[in-house]
C-alpha cells in the first residue's frame, strides 16, 4: 500500500501523464481511506482547472502562449523530478 508522500506524487503525476492501472487502483484505494490525501487531490484538481481556465482564456493573446519547445522542456523537467522522488 502506498504512503501519503507516494500518493501526492501520483496525484501530481496524473496531471502530466496517464497513470498505469496499478497506479490508479493504488491511488483510488489510498484516497478512499485517507481524508488528507482526498483533500489534497481536490485542491490539486481545483488548481489544475483554474490554471487550465486561465490558459484557455489567454490563448487568443499570442504574447501569453508558450512555444511547443518550452512546453516540452517543462514537461521533461517535471517528469524527471517525479522520477527522482
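Residue numbers (this note's numbering): 6 to 90. Don't be surprised by glycine CBs; every beta carbon is placed ideally from N, CA and C.
DSSP on residue i, reduced to helix/strand/coil?
i	result
residue 78	helix
residue 31	helix
residue 45	helix
residue 6	coil
residue 22	coil
residue 72	coil
Leaving aside the five residues before and after residue i along the sequence, list all residues of the same chain whose C-beta is less than 7 Å from its C-beta, in chain order.
i	result
residue 83	21
Would the beta-carbon of residue i be found less than 7 Å away from any heavy atom of the ligand PLP?
i	result
residue 79	As presented, the structure is devoid of all ligands, the ligand PLP included, so that no description of it is given.
Quick one: residues in its chain with C-beta nearer than 6 Å to the C-beta of residue i, no 5 flanking neighbours on either side, listed in chain order?
i	result
residue 91	Residue 91 cannot be examined here, being either before or after the span of the chain that is shown, 6 to 90.
Enumerate in chain order the residues of its own chain whose CB-to-CB distance from residue i is below 8 Å, with the five nearest sequence positions on each side excluded.
i	result
residue 24	15, 18, 32
Rank the options by C-alpha distance to the C-alpha of residue i and give the top, closest one.
i	options	result
residue 46	87, 10, 85	10
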